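These notes are about the structure you will find just below.
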Amino acid sequence: MNNALYRLIEPRNEPVKYYEKESHDFVQIMETFNAWRQRKLEIPLIIGGKRIYTGKTKQLINPNNHQEILAVYHQAGEKEINMAIDAARQAKEEWMTLSWVERVSIYLKIAELLSKKYRYDINALTMLGQGKNIMQAEIDAACESIDYLRFNSYFLSQLYEKQPFSDYSALNRMEYRPLEGFIFAISPFNFTAIALNLALAPALMGNTIVWKPASTAVLSNYFLMQIYEEAGLPPGVVNFIPGNGSTIGDIVLSHPDLGGVHFTGSTTTFNQIWKTVANYLEDYKSYPRLVGETGGKDFVVVHPSADVDTVVTALIRGAFEYQGQKCSAASRAYIPESLWGRIRHQMLQVLSEIKIGDVSDPNNFVNAVIDQQAFDRIMRYIDYAKSSTNAQIIWGGGGDSSVGYYIEPTVIQVFDPYFKTMQEEIFGPVLSIYVYKDSEWSDMLQLVDRTSPYGLTGSIISQDRKAWIEACRVLRFAAGNIYYNDKPTGAVVGMQPFGGARKSGTNDKAGGYLNLLRWTSPRTIKENFLPPTNYKYPYLD
Ligand code: NAP
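In my numbering, the protein residues as written are 264 to 804.
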């Protein structure tokens, strides 16, 4: 019997492990990594708790060594997509009526499993399949996933406490219903934690989910499903259907019971989803909630008062960690003429030390990009810069996809602030730099605001607080997450709720309570204790 008012403890962020060489953690994770590398998994769909093998398979390859096949996975066709929708609808009644504490306890158990029993596994699988090095896998697959689970559980408990006022004559209540229908979660390849949150945040609010993982992230994402099952998530609450994006998208988005879409990925894909939903508007039972976090063209603005070491570290980490494949990656920088010589010198020195190669060697700071398609797209941008008189490659520019999809960290100095690589998302290890005249600081801020259609992240590096305040004001709509004297990446759940507007998405702030609000359709309940029995107001007598 659940008759207590539970209070969850205020969560703390999961401590990050640093995997110093020869440490116990390091030895353990490398052993786990090598063990998974030997296993060639066959990955089924999971619908209503059942494993389904469609026979229509695709290979998962190691981006750091594309001759290596890590697994094969089965893809959903029309029949399985409809089965997943039915399974989600069937699981709904029991899941949404379960006491919230029972739902939360499953989530807290998933967090503990990820924190202890399966930490090395989830990190190792993210390293192998998505090409993250140890550090990048740890902050994503382990820490951020755990934080989403614990913080969202806490936010939920606070949200349910928020109730309307009552007087003595009536009792008013707010019931936080899930959305009617099912939720379609569509996840990107670049964060295991985002894949977890896209399905589990709406499910926490009592929704049930059809989840389409990114085709290149199926390995770690399948493992997540197994952890959910071990923690006791009932069958059908999350239905895992890998497969082709548009095949699955077209069928799921046209279903009259679509309650919402929780998406993270490119702006192009989200635009397509939005248009498809608009086409079926007359057919839906409700207006589906569309939550999409999309691309970015994230800036670093350097003031003449900035500390050079801070700038160089922010640029190197911000632009090149995980090969720039973060929506928040620093990809355009504005540097004052007076500091350019020193920044350039120091940055090139650091870049000359950076090693590129397989994630199995912890000395490599930069690893392979996700696949051939990404490799080709990024190299096209680099080649474009090479052939232009408005830009000069000052570091890198090379790529080699003979073994893995390796691209050198590349720095382009542009002479036109509207140069293509200053405007478009490249999603690779490419940083474009524009050098401005110190006297043009204020004009330059306007330029930053106008240059790109995105509005995700940005950072301002300065030791002059007045300049920071001015930049923060002028760039109010240029970024949903802005950083002062820091890199523009690395948002932490609960600390920097994440998301941007303009062409970067609906800004529903993953990692904060605002995101949870999108997955509920509250019902207000009033009980009148002594209802009136005569229609006449006193003035009518
Ligand atoms: P993507 O190509 O847009 O794919 C995202 C997901 O959408 C994948 O699961 C993909 O499936 C699926 N998909 C593709 N076409 C679809 C369709 N017509 N209907 C339904 N689903 C469809 O993005 P990505 O390359 O995985 O991720 C990189 C992008 O994500 C970048 O633009 C990055 O900025 C953005 N991102 C944004 C945030 C944020 O918080 N703002 C965070 C992370 C990433 P397949 O894999 O099978 O193609």
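Using N, Cα and C, we set each Cβ at its ideal position, and we do this for glycine too.
The structure presented is a predicted model; accordingly, all values stated were derived computationally and were not measured.
#1: Give me the DSSP bridge partner(s) of Gly667.
#2: So, at 7 Å on beta carbons, what are the nonlocal neighbours of Leu710 in its own chain, with the 5 sequence-adjacent residues on each side left out?
#3: Enumerate in chain order the residues of its own chain whose CB-to-CB distance from Asp675 is below 6 Å, with the five nearest sequence positions on each side excluded.
#4: Which runs of the alpha helix (DSSP H) spanning at least 4 residues fall entirely within the stretch 566-590, listed in chain order?
#5: Evaluate Gly661 with the Cβ neighbour count: other Cβ atoms within 10 Å of its Cβ, from every protein chain shown; 16 or more gives buried, anything less gives exposed.
#6: Going by the beta-carbon positions, is the gap between Gly587 and Phe690 smaller than 8 Å?
#7: Provide the residue span of the alpha helix (DSSP H) that contains Asn345, from first to last.
#8: Considering Phe447, what are the terminal residues of the alpha helix (DSSP H) in which it resides?
#9: For the alpha helix (DSSP H) containing Trp537, name the first residue and the last one.
#10: Consult DSSP for Gly469 and reduce its assignment to one of helix, strand or coil.
#11: With distances taken from CA atoms, which of Val571, His566 and Ser591 is nearest Asp706?
#12: Between Lys280 and Phe289, what straight-line distance do the alpha-carbon atoms span, to the nearest angstrom?
#13: How many angstroms separate the CA atom of Pro551 from the CA atom of Ile369?
#14: Check this for me: beta carbons of Val622 and Asn276, under 8 Å apart or not?
#15: Can you name, in chain order, every residue of its own chain whose Cβ lies under 7 Å from the Cβ of Gly558, other than the five neighbours on each side?
#16: What is the residue span of the alpha helix (DSSP H) that Arg643 lies within?
#17: Terminal residues of the continuous beta strand (DSSP E) containing Phe486?
#18: Using a threshold of 8 Å, state whether the C-beta atoms of Pro760 and Leu780 are closer than that.
#19: Specify the secondary structure class of Thr720 as computed by DSSP and reduced to three states.
#20: Let me know the secondary structure DSSP gives Ile732 once reduced to three states.
#21: Can you list, in chain order, the residues of its chain whose CB lies under 8 Å from that of Ile409, leaving out five sequence neighbours each side?
#22: Could you spell out the range, first to last residue, of the beta strand (DSSP E) harbouring Tyr282?
#23: Any heavy atom of ligand 1 within a distance shorter than 7 Å of the CB on Ala477?
#24: Three or more C-beta pairs closer than 8 Å, one from the stretch 508-520 and one from the stretch 537-557: is that the case here?
#25: Just the Cα atoms here: how many angstroms apart are Asn507 and Ser478?
#26: Under three-state DSSP, which class holds Ala374?
#27: Please check the pair Ser432 and Phe792, which I expect to be a contact at CB under 8 Å, by giving their CB distance rounded to whole angstroms.
#28: Measure the CB-CB distance between Asp430 and Ala577 and report whether it falls below 8 Å.
#29: If you measure from the CB of Ser517, is any heavy atom of ligand 1 nearer than 7 Å?
#30: What is the residue span of the beta strand (DSSP E) that Trp704 lies within?
#31: How about Leu271 and Ser416: are their beta carbons less than 8 Å apart?
#32: Thinking just about the alpha-carbon of each residue, which of Met642, Gln636, Arg643 and Leu614 is nearest to the one in Val629?
#33: Rounded to the nearest angstrom, what separates Pro795 and Tyr802 at their Cα positions?
#34: With a Cβ-Cβ cutoff of 8 Å, do Ile633 and Gly318 count as a contact?
On the basis of the data shown:
#1: DSSP output for Gly667 lists no bridge partner at all.
#2: Pro680
#3: The question names Asp, but residue 675 in the sequence shown is Ile. Ala648, Ala654, Ile656, Thr684 and Ser695, listed in sequence order.
#4: 571-583
#5: exposed
#6: yes
#7: Glu341 to Thr360
#8: Careful: Phe447 lies outside any alpha helix (DSSP H), inside the beta strand (DSSP E) at Phe445 to Ile449.
#9: Thr530 to Asn542
#10: coil
#11: His566
#12: 9 Å
#13: 27 Å
#14: no
#15: Ser529, Thr530, Cys590, Glu688, Tyr717, Lys766 and Ser767
#16: Gln635 to Lys649
#17: Not the beta strand (DSSP E): Phe486 falls in the alpha helix (DSSP H), residues Val481 to Ala494.
#18: no
#19: strand
#20: helix
#21: Glu277, Ala374, Leu377 and Ser378
#22: No beta strand (DSSP E) holds Tyr282; DSSP gives it neither H nor E.
#23: yes
#24: yes
#25: 7 Å
#26: helix
#27: 6 Å
#28: no
#29: no
#30: That residue, Trp704, is in no beta strand (DSSP E); its alpha helix (DSSP H) goes Trp704 to Thr714.
#31: yes
#32: Leu614
#33: 15 Å
#34: no
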